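**Q**
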Amino acid sequence: MTGRLWRGGMVFGGLMLLWGLASRSGIPHFLLPSPMAVAEALWVNRAYLGWHTLITLSEILSGLALGVTLGVTLALGMILSPRLQRWLMPLVLTSQAIPVFALAPLLVLWLGFGMSAKVAMAVLVIFFPVTSAFFDGLRRVNQEYLDLAHSMNASFGAQLRHVRLMAALPALGSGLRMAAAVAPIGAIIGEWVGSAEGAGLRHAQCQCATANRYLLRRAVYFSTTDPPAVAGGRYPATPADRLVAGIRMT
């Protein structure tokens, strides 16, 4: 873990150095402010940023919980019923073919400017990687394991619990990592389209005002305040991986 932290610090320091050199190369400050200007804006507005970031994080975590639950449920339903799979899989794929930005105004119109629309947007972004990864894991089980369970007269339910689910947990962990990485996208897009509070709304306001220092400030803040994504890049295993490993050990 020390090596990972060291490499991450070196990469971050290198990027900051390149950014600082670029900001001093003659590019106007309103196009590319210096890292110090962005850091100053972060510090001056820390309380303001913290409040709106907490709102966005609550939307992200709620969407993550609901999206993972929906994804796991759909994957289990499709593996239990081939007929349901034939009906659901085209709908699941179609839901990802529609651009998120096209659905955001409709969800805000239907659900209002509150938290519900942002959580719904996050769920739409999150559930597909979980569904796809977990369903593939459930389906691609070593046939020898299934044959052994069948030779022991294990019922379909027992095979599902003790063979398929255990074998599919690594795939579920992969889907959870991807879901954690994309979770902020839906919530922030929902805030851009229509919201009274949240980090995405303030980012849109800065964009309208062409306040590049504050836009970069928010970009830096977004990249460092997504706990699942930060944890996934910093540690050898995310909390999802540790949970999966714990389940497999029992």
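Note that the numbering used here numbers the sequence shown so that position 165 is 146, with each residue one more than the last.
Built from N, CA and C at the ideal position, the CB exists for glycine as well.
Because the structure is a prediction, the values reported are computed rather than measured.
Could you give the distance in angstroms between the alpha-carbon of F109 and the alpha-carbon of T54?
**A** Cα-Cα distance, rounded: 12 Å.
**Q** Have a look at Q124, V106, F(-7) and flag the residue whose alpha-carbon is nearest the alpha-carbon of S43.
**A** The candidate whose alpha carbon is nearest that of S43 is V106.
**Q** I believe V49 touches L157 by the beta-carbon criterion, under 8 Å. Please report the beta-carbon distance rounded to the nearest angstrom.
**A** V49 to L157, Cβ: 7 Å. Contact.
**Q** Thinking just about the alpha-carbon of each residue, which of G58, P151, A162, M102 is nearest to the one in V122?
**A** The option with the nearest alpha carbon to V122 is P151.
**Q** Suppose contacts are defined by Cβ-Cβ distances below 8 Å. Is A162 in contact with E40 by that definition?
**A** Cβ distance not < 8 Å, so A162 and E40 don't count as in contact.
**Q** What are the boundary residues of the alpha helix (DSSP H) that includes A235?
**A** This structure leaves residue 235 out entirely; the chain is present only between -18 and 231.
**Q** Confirm, please, whether the CB-CB distance from F115 to A149 is below 8 Å.
**A** Going by C-beta atoms, A149 is nearer than 8 Å to F115.
**Q** For the candidate residues L141, E172, L153, whose alpha-carbon lies nearest to that of S62?
**A** The option with the nearest alpha carbon to S62 is L141.
**Q** Cβ of V111 within 8 Å of Cβ of A46?
**A** Not a contact, by the Cβ cut-off of 8 Å.
**Q** CA-CA distance, I60 and S113?
**A** Cα to Cα, the separation comes out at about 12 Å.
**Q** What does a CB cutoff of less than 6 Å around A135 pick up in its chain, not counting 5 residues either side in sequence?
**A** Cβ within range, chain order: n/a, list empty.
**Q** Check whether the Cβ atoms of K99 and E172 lie closer than 8 Å to each other.
**A** In contact: K99 and E172 (Cβ atoms closer than 8 Å).
**Q** How about L35 and V104: do their beta carbons lie closer than 8 Å?
**A** No; because the gap between Cβ atoms is not below 8 Å, this pair is not in contact.
**Q** Which of helix, strand or coil does DSSP assign to P86?
**A** Here P86 sits in helix by DSSP.
**Q** Roughly how many angstroms lie between the CA atoms of G315 and L72, to the nearest whole one?
**A** For residue 315 there is no data in the structure shown, the boundaries of the chain being -18 and 231.
**Q** Our contact map puts L88 next to A78 with C-beta atoms below 8 Å; I'd like the distance itself, whole angstroms only.
**A** Not really, about 17 Å apart at Cβ, beyond 8 Å.
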